[in-house]
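Residue numbers (UniProt numbering): 1 to 342.
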């Protein structure tokens, strides 16, 4: 069953198109991530699904019922959608328990129901505290408890981890994802961080210029991006001039296997690969490159090398040291994607 279906949704503000015919389907109990840069339309789409804004055209349905479109706009408070905003947005004058109970109907606002929601997020002992007495991670967990307390049919999260430092962000994101999976709640997460999207979601919908450029599982989106734009949005991408023939590509770094070939590619191509696919090779199995810079990064060293007047960044083991010649030999590992040359 599809929990959320978005069909050809369009939205403009002051005559400026923001969403240009968006289609998306999120299965029941699944977590989807809307991934894209600022201005791509991901937060606008989230607001339309939650009911905060009206669609200009198209349909949105939740659990099989149309909530937006065809002349209908079901108010946000009737959609049974839990909302986790950026930085939690807890009410400072209410205790943790008061915040969690705020969204519950009076008949459901019981200590047991509030305690159940707090226990889900590992904050059972924090009910009497106020938001200013909580860490950033605790505030986000309480915000999730508030969203889950009414037992919504969908939870939407608008870049909820932005205000946290990196290590805490990863830990809280993992905890939130685990909680959503335990409750089997359908969820849609907005983020500009590919790592966060890949770690949290079953489905990653990459947004670019008001459209969904690709929607698939994280591995597919990363390894076989549908376009150069998707490749850049989902992580570091390197593009090499190549010639494609018989399922392989000839490049300045030697031969490369192809995992996907864009429509229309025949002969000249732009080969897309990830930085980790450029590997150090034996002299008899790789292309010589000159090391012009090296930066130690802890768990690896980042080499800047020159091949055919092209500078490339290559990851090497942390203990790597260039020999006196300053030469290394490189090869391409794993399948790449061929696009039409730019």
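Ideal Cβ positions, reconstructed from N, Cα and C, are used throughout, including at glycine.
The C-alpha of residue 49 lies about 17 Å from the C-alpha of residue 148. For residue 285, no alpha helix (DSSP H) segment is defined, and its DSSP state is neither H nor E. Around the CB of residue 41, 16 or more other CB atoms lie within 10 Å, so the residue is classed as buried.
Taking C-beta separations shorter than 8 Å and ignoring five residues to either side along the sequence, the partners of residue 338 in its chain run 242, 244, 249, 258, 260, 261, 262, 265, 269, 270, 271, 272, following chain order. Taking C-beta separations shorter than 8 Å and ignoring five residues to either side along the sequence, the partners of residue 267 in its chain run 243, 244, 245, following chain order. Between residue 10 and residue 19 the beta-carbon gap is near 6 Å, inside 8 Å, which marks them as a contact. Of all alpha-carbon atoms in 334, 54, 72, 87, the one lying nearest the alpha-carbon of residue 161 is that of 87. Bounds of the alpha helix (DSSP H) holding residue 47 are 42 to 50.
Here DSSP, grouped into helix, strand and coil, assigns residue 181 to helix.
Put simply, of 304, 285, 151 the residue whose alpha carbon is nearest the alpha carbon of residue 293 is 304. Within the same chain, Cβ atoms closer than 8 Å to the Cβ of residue 139 are found at 87, 88, 90, 131, the five residues on either side in sequence being excluded. Rounded to the nearest whole angstrom, the C-alpha separation of residue 72 and residue 7 is 14 Å.
Assignment of residue 220 by DSSP, reduced to helix, strand and coil, places it in the helix class. Here residue 262 carries a coil assignment [DSSP, helix/strand/coil].
Going by DSSP, residue 147 is part of the alpha helix (DSSP H) stretching over 136 to 148. Relative to residue 59, the option among 14, 94, 221, 5 whose CA is nearest is 5.
Per DSSP, residue 306 lies in no alpha helix (DSSP H) segment; the continuous beta strand (DSSP E) that holds it begins and ends at 300 to 307.
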